[in-house]
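Presented below is the structure to which this report refers.
Number of protein chains: 2
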Amino acid sequence: MTWTLNASDLDDLARGAALLGTGGGGDPHVGRLLALTAIEQYGPITIIDPDELDDDAFVIPTAQMGAPTVVAEKLPAGTEGVVALRALEQRLGRTADATMPIECGGVNSMIPLHIAAVAGLPVVDADGMGRAFPELQMETFSVYGINGSPLALAGENGESAIIDTGADNKRMEDFARALTVTLGGVAHIAEYSMTGADVKRTAVPRTLTLALTVGRAIRTAREDHVDPLERLAEALAPTLYSHLRVLFRGKVTDVERRTVGGFTRGAAQLKAPNGSGMHIAFQNENLTAYRDGKLVCIVPDLICILEAETAEPITTEALRYGQRVNVIGISTPDMMRTPRALDTFGPRAFGLNEDYRPVEAHDAAEEALAR
Amino acid sequence: MTWTLNASDLDDLARGAALLGTGGGGDPHVGRLLALTAIEQYGPITIIDPDELDDDAFVIPTAQMGAPTVVAEKLPAGTEGVVALRALEQRLGRTADATMPIECGGVNSMIPLHIAAVAGLPVVDADGMGRAFPELQMETFSVYGINGSPLALAGENGESAIIDTGADNKRMEDFARALTVTLGGVAHIAEYSMTGADVKRTAVPRTLTLALTVGRAIRTAREDHVDPLERLAEALAPTLYSHLRVLFRGKVTDVERRTVGGFTRGAAQLKAPNGSGMHIAFQNENLTAYRDGKLVCIVPDLICILEAETAEPITTEALRYGQRVNVIGISTPDMMRTPRALDTFGPRAFGLNEDYRPVEAHDAAEEALAR
Chain L
580 MTWTLNASDL DDLARGAALL GTGGGGDPHV GRLLALTAIE QYGPITIIDP DELDDDAFVI
640 PTAQMGAPTV VAEKLPAGTE GVVALRALEQ RLGRTADATM PIECGGVNSM IPLHIAAVAG
700 LPVVDADGMG RAFPELQMET FSVYGINGSP LALAGENGES AIIDTGADNK RMEDFARALT
760 VTLGGVAHIA EYSMTGADVK RTAVPRTLTL ALTVGRAIRT AREDHVDPLE RLAEALAPTL
820 YSHLRVLFRG KVTDVERRTV GGFTRGAAQL KAPNGSGMHI AFQNENLTAY RDGKLVCIVP
880 DLICILEAET AEPITTEALR YGQRVNVIGI STPDMMRTPR ALDTFGPRAF GLNEDYRPVE
940 AHDAAEEALA R
Chain E
580 MTWTLNASDL DDLARGAALL GTGGGGDPHV GRLLALTAIE QYGPITIIDP DELDDDAFVI
640 PTAQMGAPTV VAEKLPAGTE GVVALRALEQ RLGRTADATM PIECGGVNSM IPLHIAAVAG
700 LPVVDADGMG RAFPELQMET FSVYGINGSP LALAGENGES AIIDTGADNK RMEDFARALT
760 VTLGGVAHIA EYSMTGADVK RTAVPRTLTL ALTVGRAIRT AREDHVDPLE RLAEALAPTL
820 YSHLRVLFRG KVTDVERRTV GGFTRGAAQL KAPNGSGMHI AFQNENLTAY RDGKLVCIVP
880 DLICILEAET AEPITTEALR YGQRVNVIGI STPDMMRTPR ALDTFGPRAF GLNEDYRPVE
940 AHDAAEEALA R
């Protein structure tokens, strides 16, 4: 179904995107401000269901790239994304019929909305990560055979670059990351241009709708004074993200975080009142959750840290000593769990030795529900 | 005068280019092999005098970029330069009538010859540095108002990028350097595309001829058993590089060299039999020469270290403890000594506190001639 996104949807969308960002993806509230300004100036945004895309429609996904710690402090000029889109259109000799998020978590659920409003384009309700990931080759687009190249990249002073690494999407990431670091840690990009038929085959569908659903579930649970996690589990059950597990309830006792090579890397330690502990490692996004030394959730499943009272998602750069939190795991869609998908963004792709195991298969995960 | 460069010219050209590289520019002998192979396959290369260029001819300079220490060890595949040229032509929607060196010292006197032979283009007898410099904004092209952008960059696996930073040639350098480091330290580039009229206005003229002249003077002096430095001074006198000063004669007693951020940085210490000392600092190229604590030559004038017996130029990466050497200073053309030129590649541009002073104005420089 094609629908219209209004300014009043942005709060829920940002909250849902922050949760789907699994700690990373950049703070969506910066992107929310950009999208809000654009909607106020240019009007509501048309969101196209992927099933309703023409097979020969031409779609250019757009995004911001950089370390979340930098993204949160270095606000975009607002023009970079459109510069990147136009540069890629010029290179390809073809104008886009629509744009699309490359990830549905964090700031990049919002950036394409801003670009779409300014450029007068609709946005496809789908993305290439089904969450947030730190690197550009970590896309379902890449997993299922789309070239990210040519990629257009733009900086805040109108600088631009076109990168073409053929079918080597990892090398494309290396090039774009090097330029992003040169730009001070943030750039805007347009990449993985594809047809409507390619979108249907390679994108994770209806993830803008998913983010809205998640954000609304948390808000309405607060308004209705019911447990947000229960409401969230009900909302997710009929989607491609059908399993929610509460992994831990406790306090943040330590956070180690550094910005290295354009990424935010580190780990958080949590402690429960009963003495139980949790260790969460991240590279922009949360990668692993160990409870008392036992792995209970691992990438690409979602590990989300939420404020205990309100279920407000907490990004890695906002994690602080003493916060009371709940940690949940959410299952990812089957297309993100195939061997090819796991080669691209499973544990090995992050240098982890653990094997992937679906969050819903980790036994005794439910026990943590008992406070 | 338009002339033809044959394979038999390459040894002299390489020797002259090594001297004009002032210690940097990358070892021209690697480029010589590429040019030789291309001439053997495609025939001799036409060298156009800049005065004979049509004002509306379209010239695309080409080069290799990277740290000399890496360039000497990582041989090009041989196709990168043409990939960069073609990528820039595609971006500009216009094919080149000729290529041109961006610097006349080191490997980059040779790289355009290789590209020209493969692409069937003539080479303009001029360049944008009048020597070698480590960074892409350090061009007379830039000093006199030409944009380096768009720049095309290519790697050995066919990767390419187009960088557009408008009039900001330093930012262009930053972008290209970041990608070069990502490629392992070497890339090939096409940049500063311009008309024939721009070449006449902004390029240092006849520097391929100059390199050949320098290389021949040293070779024929050896054959005639005369002092190569005297022969060299005679050969340079009628050119734009009219002053040659012998700055030091002695042995290398220490070399400190490291590869940092895509550059080779360091310093050499020399000692004369009479106890006199010389300190030479370099960033790819030699920047300053101090004799007994007194500055005797400084960038952009040329500081060249030559083997004592043969006057063979020694690049910074070939400097070794115990080598017997002569150090000479050579004056650069007036167009490289204007205030705008010195802002771009004078002492301050290298973070040096010293003021520029022409090598021929340093008093008592001649005294070192006495052994």
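So the sequence lines, in the order shown, correspond to chains L and E.
Letter by letter, the first sequence follows residues 580 to 950 in the working numbering.
Letter by letter, the second sequence follows residues 580 to 950 in the working numbering.
C-beta: ideal position from N, C-alpha, C; glycine also.
In this text the structure is predicted, and so the values were computed from the model without any measurement.
Considering only residues of the same chain and omitting the five flanking positions on each side of residue i, which have a CB-CB separation below 7 Å?
i        : result
E/Val831 : Ala847, Leu849, Leu898, Arg899, Tyr900, Gly901, Gln902, Val904
L/Thr923 : Gln716, Met717, Ser721, Val722
L/His858 : Ala846, Gln848, Tyr869
E/Tyr935 : Ile877, Leu921, Gly925, Pro926
L/Ala851 : Phe827, Arg828, Gly829
L/Phe842 : Ala646, Pro713, Gln862, Asn863
L/Arg780 : Tyr723
L/Gly815 : What sits at residue 815 of chain L in the sequence shown is Leu, not Gly. Around L/Leu815: Ser821, Leu823, Ile909.
If you follow the beta strand (DSSP E) that residue i is part of, which residue opens it and which one closes it?
i        : result
L/Gly856 : 856-862
L/Ile690 : Premise fails: L/Ile690 lies in the alpha helix (DSSP H), 690-698, not in any beta strand (DSSP E).
L/Pro680 : 677-680
L/Glu886 : 881-886
L/Ala740 : 739-743
E/Val875 : 873-877
Under the DSSP definition of a beta bridge, which residues are partnered with residue i?
i        : result
E/Arg824 : E/Gly908
E/Gly779 : In the sequence on display, residue 779 of chain E carries Lys and not Gly. Answer is none; E/Lys779 lacks a bridge partner.
L/Ile624 : L/Leu584
E/Asp706 : E/Val783
E/Gly645 : E/Val765
L/Ala731 : L/Ile741, L/Ala769
L/Glu892 : Here the sequence assigns Pro to residue 892 of chain L, which means Glu is not the residue at that position. DSSP, once it has assigned bridges, lists L/Leu885 as partnering L/Pro892.
E/Glu835 : E/Ala846
E/Pro640 : E/Met679
E/Arg870 : E/Met857, E/Lys873
E/Thr719 : Note: E/Thr719 sits in no beta bridge, so no partner.
E/Gly829 : E/Val904
E/Asn726 : Beta-bridge pairing links E/Asn726 to no other residue.
Taking a contact to mean a Cβ-Cβ separation below 9 Å, would you say residue i touches residue j in this structure?
i        : j        : result
E/Ile877 : E/Leu823 : no
E/Ile742 : E/Leu826 : no
E/Glu891 : E/Arg594 : yes
L/Ala597 : L/Thr894 : yes
L/Asp706 : L/Asn726 : no
L/Asp591 : L/Thr774 : no
E/Phe637 : E/Asp588 : no
E/Ile624 : E/Met679 : no
L/Val765 : L/Pro879 : no
E/Gly622 : E/Ala740 : no
L/Met914 : L/Val834 : no
L/Met751 : L/Ser728 : yes
Going along the chain, which residues of its own chain have a beta-carbon closer than 6 Å to the beta-carbon of residue i, five neighbours each way excluded?
i        : result
E/His767 : Gln643, Glu659, Gly660, Ala663, Ala733
E/Ala944 : Note on E/Ala944: pLDDT 45, under 50, position unreliable in the model; no value is reported.
E/Asp704 : Ile626, Asp628, Arg785, Leu787, Thr788
L/Val793 : Gly595, Leu598
L/Gly610 : Val686, Met689, Ile690
Run the CB neighbour count on residue i, radius 10 Å, all protein chains shown included, and call it buried at 16 or more, exposed below.
i        : result
L/Arg837 : exposed
E/Asn853 : exposed
L/Val805 : exposed
L/Val839 : exposed
L/Pro918 : exposed
L/Asn932 : exposed
E/Ala949 : At E/Ala949 the pLDDT is 42, less than 50, meaning the model places this residue with poor confidence; the figure from the coordinates comes in the next sentence. So E/Ala949 ends up on the exposed side.
E/Asn736 : exposed
L/Met708 : buried
L/Thr761 : buried
E/Asn585 : exposed
E/Gly930 : exposed
L/Thr601 : buried
Taking the continuous alpha helix (DSSP H) assigned at residue i, which residues delimit it?
i        : result
E/Met751 : 748-761
L/Thr843 : Premise fails: L/Thr843 lies in the beta strand (DSSP E), 842-850, not in any alpha helix (DSSP H).
L/Ala597 : 589-599
L/Leu671 : 659-671
L/Asp922 : 918-924
L/Pro807 : 807-815
Which same chain residues end up closer than 8 Å to residue i when comparing Cβ atoms and leaving out the 5 residues on each side of it in sequence?
i        : result
E/Arg798 : Asp590, Asp591, Arg594
Is residue i a contact residue of the ligand HEM, with contact defined as CB to any heavy atom under 8 Å?
i        : result
L/Ala782 : As for the ligand HEM, it is missing from this structure, which has no ligand bound.
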